[in-house]
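Below is one structure, written out as structure tokens; the observations come after it.
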Amino acid sequence: MRIVVVGGTGHVGTYLIPRLVAAGHQVVNLSRGARAPYADHPAWGQVDQLVVDREAEDRAGTFAGRVADLAPDVVVDMVCFTEESAHQLIDGLRGRVAHLVHCGSIWMHGPSRSIPLAEDSETVPFGEYGVQKAAIARLLIDETARGGLVTTSLHPGHISGPGWHPINPLGNLDPSVWTALASGAPLPVPGIGAELLHHVHADDVAQGFQLAIENRDAAAGQAFHVTAPSALTVRGFAEYAAGWFGRTPSLEFVSWDEFRARTAPEYAEQSWDHLSRSQFASIDKARRLLGYAPRYAPGEAVREAVEWLARHGELDLELSAG
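Convert by adding 64 to the 1-based position in the sequence shown; the result is the number in the working numbering.
Listed below in structure tokens is the structure:
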């Protein structure tokens, strides 16, 4: 098939595009041209690269037409963040493209009422990102149900892998958390450490996208979670990660007010965004309909990311061999 990927040099696209090329598909990548993929691969030499400013073209109303004019069988949209942007793309592709596959997020759900979350669990999303991702997912399902464009949305958890900082056991991107776990220094933890984090390796997400593309009939009009098969509690994640350094974590369970007083505002807000949701998203539907089979447990996905950061001097750490 001829596949256009919008935003293919990001976390998931780094793995997805080589998968698609290896499977024999013709791939065109549209991006701002601001960065290279996180990992090099010879497959990128077979990919047509087009530089596009999606935000500017959305404002001008030209983006969807540009994509449709490339005559793809499938469009994979990795970087759609508003319902209005999704509306424009759907309207421009309807009747011209066989399948639109969208990258959502498990933040389409709000705080868990029960676990694991199913794709149709009734929760109330919050924050602009989560609210928009929920609206886009509904829009796509409705579009296909009405007999319009065939769509699929896939919803990853906290994407991890080599080349970028993963969400740490406090639910934020503060690199000093890893240092504290490696050294045994006290680490303030908001709440009781029972909150859930649900990671996934970027290549497992890419697997989910490839399966949706190559199983269009099973994926048509559906939303799927694509996460690791299990989730981690804050406390368990900290214990697991400290073990990479031969340590036991020194955790101080504190109120959110105290945590905010001791943490940079940016990181405190990231922690609240992740831990207040406390999500564990079921992958049963993706397993059943698509054959989704993630290779990485959540801790393994994060460890690979942390090892990469340490090897490349972005974290001053030395992990044990165990």
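Each residue gets a CB set at the ideal place from its N, CA and C atoms; glycine is no exception.
None of the values given here were measured: they were computed from a predicted structure.
When the Cα atoms are used, Trp242 and Asn232 turn out to be separated by approximately 8 Å. In the three-state reduction of the DSSP assignment, Ala128 falls in the helix class, which pools H, G and I.
For Asp267, the enclosing alpha helix (DSSP H) covers residues Ala266 to Glu278. Note on geometry: alpha-carbon atoms of Ser178 and Ala350 lie some 19 Å from one another. Every unbroken stretch of the beta strand (DSSP E) spanning 3 or more residues and falling wholly within the segment 121-165 is given here in chain order: 138-141. Look at Ile170 here: in three-state DSSP terms it is helix. Distances from the CA of Ser294 to each of Leu260, Phe273 and Arg130 were compared; the closest alpha carbon is that of Leu260. A distance of 8 Å or more separates the beta carbons of Ala369 and Glu382. Bounds of the alpha helix (DSSP H) holding Phe323 are Trp320 to Arg326. The three-state secondary structure of Glu303, taken from DSSP, is helix. Of the residues assessed, Ser384 falls on the exposed side of the cut-off, its CB having fewer than 16 other CB atoms within 10 angstroms. Minimum Cα-Cα distance from Lys197 among the listed residues Asp321, Gly255 and Gly174 corresponds to Gly174. The three-state reading of DSSP puts Ser178 in coil, since its state is none of H, G, I, E or B. Pairwise C-beta distances place the segment 277-296 in contact with the segment 248-264, as three or more of them are shorter than 8 Å.
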